[in-house]
Structure formats: structure tokens, C-alpha cells
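Numbering follows the UniProt record's numbering, with no gaps: position 114 of the sequence shown is 119.
Glycine residues also receive a C-beta, built at the ideal position from the N, C-alpha and C atoms.
Notes follow once the structure below has been shown.
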Amino acid sequence: SPRIVVLISGNGSNLQTMLDQGDANLLGGKIVAVISNKAEAYGLERARAAGIATAVVSNQDHASREHFDGALSEVIDGYQPNLVVLAGFMRILTPSFVHHYQGRLLNIHPSLLPRYQGLNTHQKAIDAGDQEHGCSVHFVTEELDGGPVILQARVPIFADDDACVVAERVQVQEHAIYPLTIRWFCEGRVVMQQGKAYLDGALLPTHGY
Ligand code: GAR
């Protein structure tokens, strides 16, 4: 079964759903390691509780982005993954790192891409007066939050919602679509070719739906 390495920086609620789906044999692959750039990330405890190997590669121990990414990819490659999953991993990755994992690196982003790349996406959607928001699972390419989208989920924004309540609403959907996308990848149903994502051989809309 495909080997999955998950990268985190924080809470790890997305990781938890992957662990749970894995326990139920619904993930399509096996999480072989969880790696964090922060030693205090709660997701590391979730991994330990599930009996999964963990590692910390701290960006503070490395002088440059290139050195950090080099150290990180050495640890990742030690686990020989078929798939690397970014789950709340809050670091911008170098082009050479992204290239090394081309076609086997997934991310989830808390917006309906291509809207609201970067940080504070929920506040941005509220400030724009959007009535609709969501999350996107995409292949990672050298363009930040710009790789081809595989699956999105939408949520409403109601009058007087704050960023906190919207974030919670979005996360419920993240927990549904991320494990599903991982399963599709592990089953060979979703692939990236020439920078485009395909599901069951059909080209997916590059910038979401
Ligand atoms: C998720 O909402 C994810 O979309 C976001 O971080 C959160 C991590 O939550 N990712 C990004 O903003 C990536 N730039 P989790 O640690 O509970 O899974």
C-alpha cells in the first residue's frame, strides 16, 4: 500500500482525520511518518498516540530556506514515501524541494483557490463581503498556492460571522475532502501531468470550479 508522509506545523486536526480514516482502512495508503517544523506542534502527539513515527526538523536550526528544505527532504526520503501531504504546514517551500516531489505533493488551502492565496483567508473572504467560501486540495507546484486544484468544498458565510466561526465551518469540510483526495491519489485515480490535475483520466478545472 502507498506510503504517506505528513508534514505539519500545528494542531493537526487534518492529520487526525487521516489517522482515523487509515484505522478504518479508508485512506488507501499508510501514514509512515509525521514530520513537524515545530517541536511543540500538537499534531506530533496525535501521531505518537497512533503509534506513527515522528520527526522534528526545525527551521530555526537552518540558516537558509535551502538548507532547511534539504534537511527536511533527507528526513522525508528516509521514509520512502509515494505521497507527501502538507497538512497545516506553514512554510513556503523552495522550487527545488517542490520539484523533487513533483506529482506526489499535496496541500490543503483554506479558501476557494484561486481566491485568497497566503494567510488570513477567512478574514479576507469576510472583508470582501463574500457569501461563499471554502477550501481546496491541490497539487503543489512552484507557484505558491497556485498548483492545480483537485477538489474543493464550499461553505456559506452568514452576516455577522467572524473569522473564527468561518474557520470552524471550513475545517469540517477540510476533514471530509482531504482524506478523500488522498484515497483517490493512492488508488491512482488522480495524477498530475504537465502541471495539470486529472481524475479518472479527465482534466480537472485548473483554477477550481
Ligand atoms: C488548515 O485549516 C489548513 O487549511 C491551513 O492550516 C490549517 C491547519 O489545521 N493551511 C494553510 O493555511 C496553508 N497555508 P490543522 O493543523 O488542524 O490540520
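Nearest residue (CA-CA) to residue i, options the options
i, options, result
"N87", "C140, H104 and F190", "F190"
"Q26", "R188, A207, M197 and G93", "R188"
"P161", "V145, H127 and G56", "H127"
"R51", "V11, A158, R174 and P7", "V11"
"Y183", "G152, N112 and A44", "N112"
"L91", "G56, F144 and N64", "F144"
"I97", "V175, L149 and Q21", "L149"
"A204", "G123, S69, V171 and L156", "The sequence given here places Leu at residue 204; Ala does not occur at that position. Per the Cα distances, L156."
"S63", "L124, Y47, F73 and E192", "F73"
"P7", "G33, Q21 and A29", "G33"
"P153", "L24, A172 and T211", "T211"
"Q65", "A54, E179, G75 and K43", "K43"
"R159", "V175, V170 and G151", "V175"
"L31", "T186, A168, R53 and V196", "T186"
"A46", "N125, R70, V171 and Q21", "Q21"
Boundaries (first-last residue) of the beta strand (DSSP E) holding residue i
i, result
"G139", "E137 to F144"
"Q128", "Not the beta strand (DSSP E): Q128 falls in the alpha helix (DSSP H), residues T126 to D132."
"V62", "No beta strand (DSSP E) contains V62, which DSSP labels as neither H nor E."
Counterpart residues of residue i in DSSP-defined beta bridges
i, result
"A207", "L204"
"V160", "H138"
"N112", "L91 and H143"
"Q199", "According to DSSP, which records beta bridges pairwise, Q199 is partnered with nothing at all."
"E12", "A small correction: the amino acid at residue 12 is Leu; Glu does not occupy that position in the sequence shown. The partner list for L12 (beta bridge, DSSP) reads I40 and L91."
"V103", "V103 pairs with nothing; no bridge assigned."
Cβ pair residue i, residue j closer than 9 Å
i, j, result
"V61", "S41", "yes"
"Y84", "A38", "yes"
"E137", "L117", "yes"
"R120", "D132", "no"
"S141", "G93", "no"
Neighbour-count burial assignment, residue i, 16 or more Cβ in a 10 Å radius
i, result
"S101", "exposed"
"R109", "buried"
"I81", "buried"
"H104", "exposed"
"G17", "buried"
"G130", "The amino acid at residue 130 is misidentified as Gly; the sequence shows Ala. The residue in question, A130, is buried, as its Cβ has 16 or more Cβ neighbours within 10 Å."
"Q198", "exposed"
"E173", "exposed"
"N19", "buried"
"L209", "buried"
First through last residue of the alpha helix (DSSP H) which encompasses residue i
i, result
"V175", "A168 to C191"
"I36", "Not the alpha helix (DSSP H): I36 falls in the beta strand (DSSP E), residues K35 to S41."
"R53", "Y47 to A54"
"A76", "R70 to G83"
"T22", "S18 to D28"
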